[in-house]
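Participant: Using the numbering used here, the final residue of the sequence shown is 1838, and nothing's skipped along the way.
Handing you a structure now.
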Amino acid sequence: MNYKISRRAASLSPSLTLVIDSKAKAMKAEGLDVVGFGAGEPDFDTPQHIKDAAIKALNEGFTKYTPSSGIPELRQAIADKFKKDNGLTYKPSQIIVSNGGKHSCYNVILATCEEGDEVIIPSPYWLSYPEMVKLAGATPVILTTTDQTEFKVTPEQLRAAITPRTRLFILNSPSNPTGSVYTPDEIKALGDICVEKGVLIMSDEIYEHLLYDGAVHKSVASFSQAHYDHTIVVHGFAKAWSMTGWRLGFLAAPEPIAKAIDAIQSHSTSNPTSFAQKGAVAALTGPQDHLKGWLVEYAKRRTYAHQKLNSIPGISCVNSKGAFYLFPNISKIGLKSADFCARLLEVEKVAAVPGIAFGADDYLRISYATSLANIEKGLNRLENFVRNLKA
Ligand SMILES: *Cc1c(COP(=O)(O)O)cnc(C)c1O
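Below, the structure written as C-alpha cells:
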C-alpha cells in the first residue's frame, strides 16, 4: 500500500531523544549497567496523599465523563493557586485542565495560530514547541541564544524578530532544557515589547517552583492588566508534584481564548481523566512539604554535577537556576552532539540527550533527576570518555 501521509504529519521531525532513549532501554534490557541522564521527569514518587485522593475517587465510582475543561472544584483550586502564588486573578471559566502541560501548549497554539502566522521560539527550546507550531500550519521563528547570555533572549533580539505576521512568543522560564531562569526585570522587558507590538505570549511556567540560589519566578502576566491580557500561562502537575504519568496540565487565558480552547478540547480529547483530577485537587489543596525535600536533593545534585562537568577538560557549563537540567557546552570536543551522545552511550553506557534535539548542537542536556550516586558514576564515565577521545 502506498499510504498518503498528510503534509502536517510529514512535516514533523521524529524525536531524537527517543532514539537515544530506546537504545539505552534496549541496552538495559540486555543487563548492561546504563546510567541515564535523559530523564525529563522527577525521580521522586507522587506524594501519597495525592494518590490516596485518586484511589478514593475511583472507589467511590468517580469514573465517568466530567466537564471537558475539568471539574469545577479543580478549576477553582487552580484559580486559587494563581491568586496565591502569582497574584493573578482568574475566573474558573478562564482555566482549562488538559491531558498534560504538553496538551495545554498544543491547545494554545491551535487556538491562536494558523497558516501565515509566525511564532517566535527562543532556542534552546523544549523540542515540542516548533513541531506543535508546524502542526497548526504556522511557522516557527527561532531566536538563537548561547551560554554567553545564560541562554536568555535579549529585548533587542525579540524586537528585531517581530514582524506583522508574528502571532505568539513562547517563553519558558525556568527552562527545559537549559535550567535558565529570567529575572523579573528581564521578563517584564520581554513582556513590554509583546504588549507594545500586540503579540500574544504563551508562558510555560511548569518549573515555577523548582528554583535555586535565591532565583525568583515572576509570571509575565502579573506586571499589568495589559500583560495579563496578552498572556496565556501554561502549567501542570508533572514536575512539582511528580505526576508525569497522570497526564494533567492546565492553562489560564483571557476569556475568549479559554472559550476557543474549551471548544477544541471538547471535540478532540474531552475531559482529562476523572479520578486523576481528584488527585490534582489534593495536590493543590493539600500539604506542599514534599517539595522542600526534593529541592534540597536537586540542589545538592546540581552543585555536584555543575562542578564536576566544569572540571572535565573541553567541557564548560553555566550553572542553571531552575528546573533539573544542566546544559554543558561541548563545542571544544569537536563532535556533533548526536555523535557525541551515540558514542558516549556505546563506549561508556551513559545516556544523555544531544543538544541538537533542542536546536543547539554545541551542547548536551544532563538531567539531574536521578540519584547522586548515579550522577557521580555517570559523570566519572563521561570524564573517561572525553579523556580517551583526546588520548
Ligand atoms: C514537562 C514539561 C511540560 C509538561 O509536560 P506534561 O507531562 O505534558 O505535563 C511542559 N513544558 C515543559 C517545558 C516541560 O519540560
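Idealized CB from N, CA, C, for every residue including glycine.
Is residue 1815 near ligand 1, in the sense that its beta carbon is under 8 Å from a heavy atom of that ligand?
Facilitator: False, no ligand heavy atom lies under 8 Å from that Cβ.
Participant: May I ask you to verify whether the segment 1572-1587 touches the segment 1726-1733, counting CB pairs closer than 8 Å and requiring at least 3?
Facilitator: No: fewer than three Cβ pairs fall under 8 Å.
Participant: Cβ of residue 1568 within 9 Å of Cβ of residue 1544?
Facilitator: Contact: no.
Participant: By the three-class DSSP mapping on this structure, what secondary structure does residue 1699 have?
Facilitator: In the structure shown, residue 1699 sits in a strand (DSSP, three-state: E or B).
Participant: Between the Cα of residue 1770 and those of 1834, 1756, 1495 and 1651, spot the shortest distance and give me the residue it belongs to.
Facilitator: The shortest C-alpha separation from residue 1770 is found at 1651.
Participant: Along the beta strand (DSSP E) that carries residue 1612, what are the first and last residues, could you check?
Facilitator: Careful: residue 1612 lies outside any beta strand (DSSP E) and carries neither H nor E.
Participant: Mind the definition here: the segment 1518-1536 touches the segment 1756-1769 only if three or more C-beta pairs lie below 8 Å; say whether that holds.
Facilitator: The segment 1518-1536 vs the segment 1756-1769: no contact.
Participant: Hey, could you find the ends of the beta strand (DSSP E) residue 1651 is sitting in?
Facilitator: Taken as a continuous stretch (DSSP letters only), the beta strand (DSSP E) holding residue 1651 covers 1647-1651.
Participant: Cβ-heavy atom distance between residue 1550 and ligand 1 below 8 Å?
Facilitator: Because some heavy atom of ligand 1 lies under 8 Å away, the Cβ of residue 1550 counts as near it: yes.
Participant: When DSSP labels each residue in this structure, what does residue 1586 get in the three-state scheme?
Facilitator: Three-state DSSP puts residue 1586 in a strand.
Participant: Using DSSP with H/G/I as helix, E/B as strand and the rest coil, what is residue 1753?
Facilitator: Residue 1753 falls in the helix class under three-state DSSP.
Participant: CB residue 1700 to CB residue 1693, shorter than 9 Å?
Facilitator: No, the Cβ-Cβ distance between residue 1700 and residue 1693 is not below 9 Å.
Participant: Under 8 Å Cβ to Cβ from residue 1471, same chain only, skipping five residues before and after it: list those, please.
Facilitator: Once the five neighbours on either side are set aside, the close Cβ partners of residue 1471 are 1481, 1483, 1485, 1792 and 1798.
Participant: Nearest to residue 1842 by CA position, among 1816, 1808 and 1717, is which residue?
Facilitator: Absent from the model: residue 1842. The displayed extent of the chain is 1448 to 1838, so no value can be given.
Participant: Tell me the DSSP secondary structure of residue 1812 in three-state form.
Facilitator: Residue 1812 falls in the strand class under three-state DSSP.
Participant: Would you report the Cα separation of residue 1753 and residue 1815, rounded to the nearest angstrom?
Facilitator: For residue 1753 and residue 1815, the distance between alpha carbons rounds to 10 Å.
Participant: May I ask whether a heavy atom of ligand 1 can be found less than 8 Å away from the beta carbon of residue 1544?
Facilitator: Result no, Cβ not under 8 Å from ligand 1.
Participant: Quickly, what does DSSP pair residue 1569 with across the bridge? List them, please.
Facilitator: DSSP, once it has assigned bridges, lists 1590 as partnering residue 1569.
Participant: What residue does the alpha helix (DSSP H) around residue 1638 start on, and which one ends it?
Facilitator: Segment 1631-1644, the alpha helix (DSSP H) holding residue 1638.
Participant: How many angstroms separate the CA atom of residue 1497 from the CA atom of residue 1698?
Facilitator: Using only the alpha carbons, I get a separation of about 20 Å.
Participant: Go ahead and pull the three-state DSSP assignment for residue 1539.
Facilitator: Note: residue 1539 maps to helix in three-state DSSP.
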